[in-house]
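Working notes, structure below.
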Amino acid sequence: MPLISSLLRQAPRHPLSLRLHVPPPHLSAVLGRHIRPASSAALAIRNQKSSPLYPATINIYRSGTPATLSVGLTRMFTLVIFLVGTTIYAPGFYFSPEHSNWWIPTCIAVSATPAIAVSLLTGPMIHGIRVTLPDHVRRGGKDGLRRWSAERRGKENLPIELQFMRWAPWPKTRNLEFGELRRLRPSLKAGIANLQHVPREEVGNDPMAAKREDHRLLAGFMKRWTSRFYVKRDQAIDRAAVPGVWENLWYQIPFEEEGEGYGGRKEKSSDEGAAAGKGRAAPLRPLVPPMKSIARP
Numbered sequence: 029m030p031l032i033s034s035l036l037r038q039a040p041r042h043p044l045s046l047r048l049h050v051p052p053p054h055l056s057a058v059l060g061r062h063i064r065p066a067s068s069a070a071l072a073i074r075n076q077k078s079s080p081l082y083p084a085t086i087n088i089y090r091s092g093t094p095a096t097l098s099v100g101l102t103r104m105f106t107l108v109i110f111l112v113g114t115t116i117y118a119p120g121f122y123f124s125p126e127h128s129n130w131w132i133p134t135c136i137a138v139s140a141t142p143a144i145a146v147s148l149l150t151g152p153m154i155h156g157i158r159v160t161l162p163d164h165v166r167r168g169g170k171d172g173l174r175r176w177s178a179e180r181r182g183k184e185n186l187p188i189e190l191q192f193m194r195w196a197p198w199p200k201t202r203n204l205e206f207g208e209l210r211r212l213r214p215s216l217k218a219g220i221a222n223l224q225h226v227p228r229e230e231v232g233n234d235p236m237a238a239k240r241e242d243h244r245l246l247a248g249f250m251k252r253w254t255s256r257f258y259v260k261r262d263q264a265i266d267r268a269a270v271p272g273v274w275e276n277l278w279y280q281i282p283f284e285e286e287g288e289g290y291g292g293r294k295e296k297s298s299d300e301g302a303a304a305g306k307g308r309a310a311p312l313r314p315l316v317p318p319m320k321s322i323a324r325p
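According to this note's numbering, the stretch in the sequence shown is residues 29 to 325, in order.
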C-alpha cells in the first residue's frame, strides 16, 4: 500500500480541475418546461412595445429634385423679368419725352405675362405628398405598410399633406384628409389636373353656397385654381420612402362623379362585391349548363 500511495503522489495532474457544471435549481426548472411558440396576441403586444420603424409622417410621393428645381428656377426667372419691366423699363417710358404714356401699361402687362403663364401651367403640380401613419402601421415594416395602404377601409380621416407651388417659387403645404380627395380625368376642359380637393363643408351644408351662386364665374375660377392639382403617374423611379404606398392609395380615391367623400361609393357586403371594388357592381357570371356525368361503359 505504501507503494501505491507514492505512485499516486508522483502522478502528474492537470492544471485545470475538471468540475461538473450543474445548473441552479431555478434555471433547471425553466429549462425543463415545455417551450411553445408565442400566440398572435402576444406577438401583437410585443410589436406594440417595440420601437416604431418609421416616423409619424413619411413621404409617399416625390416628383423629384430636378423637377422641383426646374419649376422653381423658371418661376424665379419670370419674377426677375417682371421686376425689371416694372422698375426699370416702365419708369424709363414715363420719363422719356419720346414715348407715349401708353407704353407704361403695355410694358407692365408684357413683363407680367411670363410669370402668369408659368404659374397657370405649373401651379397644379404637386412636388411631394406626406401622410401621417397610425402607431401600429409604423411598427409593421415595409410589408405591413404596403398591406395597410392596400386596405380599402379606415382611411377617410387620414391626415395628408400636399406640397405644391402656386405663385411663389418655393413649395407651400396644405393639410387635408384623405376622404376629401377626388380623382379627375384630364381633358381639354379640365386641363392637366388629375386630383381635386373637395372640403367637407362643400359636401354638406355650405354657408357660402349662396354667394357662389351670385358670382359663378369668379367662384368657378377660384375653385379651379385653388383646389385642382396634378400628380405625375408615370414615374420611372418611385422616390417615396416606401415605394408602392401612394400607388395603392391612388386607386382608393373616388372620381368626382362617383360619390360624396371617401367611402361615398357603396360597398358590397359579400366577398364578391368586395373583390369587385367599392361602388362597382360585381361581374355577372354567365349561365353554364350542368355537365353530364361521363362514365365508362
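Note that CB positions come from ideal geometry on N, CA and C, so glycine has one too. Quantities reported herein were computed from a predicted structural model and do not represent experimental measurements.
Check: In angstroms with no decimal places, state the Cα-to-Cα distance between G219 and V146.; Outcome: 14 Å
Check: With a cut-off of 8 Å, do at least 3 Cβ pairs link the segment 122-138 to the segment 98-106?; Outcome: no
Check: So I144 packs on R211, CB below 8 Å; how close in whole Å?; Outcome: About 28 Å separates the two Cβ atoms, so there is no contact after all.
Check: In this structure, how does DSSP classify R267 when only helix, strand and coil are distinguished?; Outcome: coil
Check: Which parts of the segment 143-173 are runs of the alpha helix (DSSP H), unbroken and 4 residues or longer, counting only runs that do not cross its ends?; Outcome: 163-166
Check: Contact check, V99 vs M250 under 8 Å by CB: the rounded distance?; Outcome: About 22 Å separates the two Cβ atoms, so there is no contact after all.
Check: Thinking C-beta only, is W176 closer than 8 Å to V159?; Outcome: no
Check: State the Cα-Cα distance for the pair R213 and A221, rounded to the nearest angstrom.; Outcome: 8 Å
Check: Inspect the beta-carbon positions of P83 and D163 and report whether they are closer than 8 Å.; Outcome: no
Check: Along the chain, where does the beta strand (DSSP E) that runs through F192 open and close?; Outcome: P187 to F192
Check: Out of curiosity, what's the CA-to-CA distance linking N129 and F110?; Outcome: 19 Å
Check: By a C-beta neighbour count over all protein chains shown, 10 Å radius and 16 as the cutoff for buried, is K200 buried or exposed?; Outcome: exposed
Check: May I ask you to report which of helix, strand or coil DSSP gives I132?; Outcome: helix
Check: Below 7 Å CB to CB, which residues in the same chain sit around K260 once its five sequence neighbours on both sides are set aside?; Outcome: S91
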